[in-house]
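To start, the structure itself, in structure tokens.
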Amino acid sequence: MRKPVVAWVVLTVAVIVAAVLLAAFATNLSALPEPGRLETWLAARARAVYLRRAAAHVPPPPAVTPQRIEAGAGAYGMACAFCHGADGRHPTAVGQNMYPRAVSLASPAVQALSDRELFAVIHDGLRLTGMPGFGRIESDDDIWNLVFYIRTLATPPAPAPAH
Ligand code: HEC
Numbered sequence: 532m533r534k535p536v537v538a539w540v541v542l543t544v545a546v547i548v549a550a551v552l553l554a555a556f557a558t559n560l561s562a563l564p565e566p567g568r569l570e571t572w573l574a575a576r577a578r579a580v581y582l583r584r585a586a587a588h589v590p591p592p593p594a595v596t597p598q599r600i601e602a603g604a605g606a607y608g609m610a611c612a613f614c615h616g617a618d619g620r621h622p623t624a625v626g627q628n629m630y631p632r633a634v635s636l637a638s639p640a641v642q643a644l645s646d647r648e649l650f651a652v653i654h655d656g657l658r659l660t661g662m663p664g665f666g667r668i669e670s671d672d673d674i675w676n677l678v679f680y681i682r683t684l685a686t687p688p689a690p691a692p693a694h
């Protein structure tokens, strides 16, 4: 009775090892291919869970003012435009060739994040993506200004935000 069990275990382990080796040889670390649909979907689900958790520890936001939005736009140009594009809507060539790709900050997926989740993304960054954490570079105040600026991208380009 024992021997067949051992044989099945050995066989199963051998099949798993072979599958892992095959997968390792069939893939590479190039950032050039377009990220797959399943991979993108799974990454988005995982990101959502972690962001919800991180958002719980975010300090309360200050009141939005036009000055804060303007300061956020200035900080954006220095810290973010390099990947997300000068207008935040059209990622640069560099951003488009990262894996995963840098996103348009006007996109529904980004605008669907809560203010606190946006703060968490900017403060902590996103591990295993090109998105840096700015928590040691920008103050909490500056990060809120960036959040307020990103919110203005939800409405199509206009000379000034409507409110
Ligand atoms: C070096 C390139 C780079 C820089 C600089 C950069 N980002 Fe990103 N950012 C990325 C990439 C790549 C992603 C996509 C990550 C992903 O798909 O999970 C991203 C994602 C994001 C997201 C979306 C997160 C989500 O859940 O969809 C926000 C918001 C964001 N960045 C804001 C900013 C802001 C604000 C700055 C400047 C303070 C900034 N980024 C600077 C590369 C960059």
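Under the numbering used here, the final residue of the sequence shown carries the number 694; numbering is consecutive throughout. Built from N, CA and C at the ideal position, the CB exists for glycine as well. Only a predicted model underlies this, so the values are computations on that prediction, with no experimental measurement involved.
The alpha-carbon separation between Cys614 and Leu560 amounts to approximately 20 Å.
Remark: the shortest separation between the CB of Arg632 and any heavy atom of ligand 1 falls under 8 Å. With fewer than 16 neighbouring CB atoms inside 10 Å of its own CB, Thr543 falls in the exposed class. Ala587 and Pro631 do not touch by the CB rule: their CB atoms are close to 25 Å apart, not below 8 Å.
Considering only His621, Gln642, Pro535 and Leu563, the residue with the shortest C-alpha distance to Thr683 is Gln642.
In this structure, Ala617 sits near Gly608, with a CB-CB distance shorter than 9 Å. CA-to-CA, the gap between Gly656 and Val541 works out to about 42 Å. In the DSSP assignment, Gly605 falls within the alpha helix (DSSP H) that extends over Pro597 to Ala610. Taking the Cβ of Ala586 as the reference point, every heavy atom of ligand 1 lies at 8 Å or farther away.
With fewer than 16 other beta carbons inside 10 angstroms of its own, Glu565 counts as exposed. Per DSSP, the unbroken alpha helix (DSSP H) holding Arg583 starts and ends at Arg568 to Ala586.
Cβ-Cβ separation between Leu644 and Leu582: approximately 7 Å, consistent with a contact (criterion under 8 Å).
In this structure, DSSP gives Leu657 a state outside helix and strand, which the three-state scheme calls coil. The beta carbon of Ala624 sits no closer than 8 Å to any heavy atom of ligand 1. Note on geometry: alpha-carbon atoms of Ile668 and Val537 lie some 56 Å from one another. At a threshold of 8 Å, Ile681 counts as near ligand 1, since its beta carbon sits closer than that to one of the ligand's heavy atoms. Ala633 sits close to Gly626, with the two beta carbons spaced by under 9 Å.
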